[in-house]
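So the structure is just underneath, and the comments pick up after that.
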Amino acid sequence: MTVWEGTQIMAKLAEQAKGERQARMMLSMIAEPDDAATGRILHRLGGVETLQLLEDDQAAVPEMNRADAIAWRNRVAPRIEGDIPARVAEAERAGMSTLIPTDTDWPHALNDLGSRAPYLLWTRGATSFLAGALTDRVTMTGSRAASEYGVQVAGHLAGDLAQQERTIVAGGGYGRDAAAHRSALAGGGGTIAVLAGGIDRPYPRGNSDLLARIGDLGMLASEAPPGATPTRWRFMARARLLGALSGATVIPEAGFRSGSLLVATEAHRHSRAVGAVPGPVTSAASVGPHELIKRGRGEIITDTEVPFTRLMG
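At position 216 of the sequence shown (counting the first as 1) the number is 336 in this note's numbering, and the numbers step up by one without a gap.
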């Protein structure tokens, strides 16, 4: 028995997709972000043909042997739940905006991810913040359990950068993320919150008001479809977007196992600059930045003048 037996919706997806945008919307509702096989096929063939290959279990998949193709279909097909075309239509009726690679405001920085680029971005707000030069944006990230020092530093740096007309990119979370977003808004600058769940489900809920303000004055973005809840995998997958979107990533505080260090790794992978803010040697939250500095993988950040001139060029 194939994965398609008894599945009526799947056989119709490619036919019901009205062009590349809807095909990518459907894929985002089916495959997890940063799914390696889906990304490779989509990068080479586009959304409509990817759906066609997914629904035809007899079709050969370019540059993939039959065993891998079967594994891909068996992994992705069980994620088809409900009426996918109806969910797409509902999102469109609700005014959900999307960006795909052929759009004017699509961030070319994400093209550096190659086959790991998002299938599309679900957005709310001014997508023009993504259309500027790579050096127009700075990502700020750190562990959520922020110290008073970390929050103060993140807010100070973000405020100064906003006054220099840099757009602050962060994850919309508690602690340093929130401080960076608030300071950017207070400084009259742009800010982008890259979410791990759907943009219609603000997370964390305690930041709902802040995220609403960002959607009104800045921009919300997610590769997860409407209704999606954040998961550990989606947080990890988001790291590559945070690392690639900006010309520099700055880490005010991060523990030894903080996910923020994954953002730094992704930034390095795509030749982005990384800055690290030194902190008290007695603080566990300073271990991450100090490790980056010690290994020569993070420029010491003490203010927004000379270090950022070197970082951003």
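For each residue, glycine too, the CB sits at the ideal point set by N, CA and C. Predicted model, so just to flag it, every value in this text is computed and none were measured.
Asked: Cβ contact (3+ pairs, closer than 8 Å) linking the stretch 240-259 and the stretch 268-275; Found: no
Asked: Nearest residue (CA-CA) to asparagine 194, options Asp177, Leu230, Asn185; Found: Asp177
Asked: Coil, strand or helix - isoleucine 334 by DSSP; Found: helix
Asked: 8 Å Cβ cutoff met for glycine 262 and arginine 296; Found: yes
Asked: Among Gly291, Ser267, Gly308, Arg164, nearest to glutamate 343 - alpha-carbon criterion; Found: Gly291
Asked: Segment limits, beta strand (DSSP E) that includes alanine 314; Found: According to the sequence as given, residue 314 is valine; it is not alanine. Counting along the chain, the beta strand (DSSP E) containing valine 314 begins and ends at 311-314.
Asked: DSSP three-state assignment for glycine 416, whether helix, strand or coil; Found: coil
Asked: Cβ-based burial, aspartate 154 [other Cβ within 10 Å; buried from 16]; Found: buried
Asked: Rounded straight-line distance, which links the Cα of aspartate 232 to that of alanine 253; Found: 14 Å
Asked: Own chain partners of serine 378 with C-beta closer than 6 Å, once the 5 adjacent residues on each side are dropped; Found: Ser263, Gly408
Asked: Whole alpha helix (DSSP H) elements within the stretch 145-196, 4-residue minimum; Found: 156-165, 167-175, 186-196
Asked: Residue of Ala298, Val383, Ala387, Gln142 minimising C-alpha distance to phenylalanine 355; Found: Val383
Asked: Top-ranked residue by Cα proximity to arginine 417, from Ala156, Ser267, Leu381; Found: Leu381
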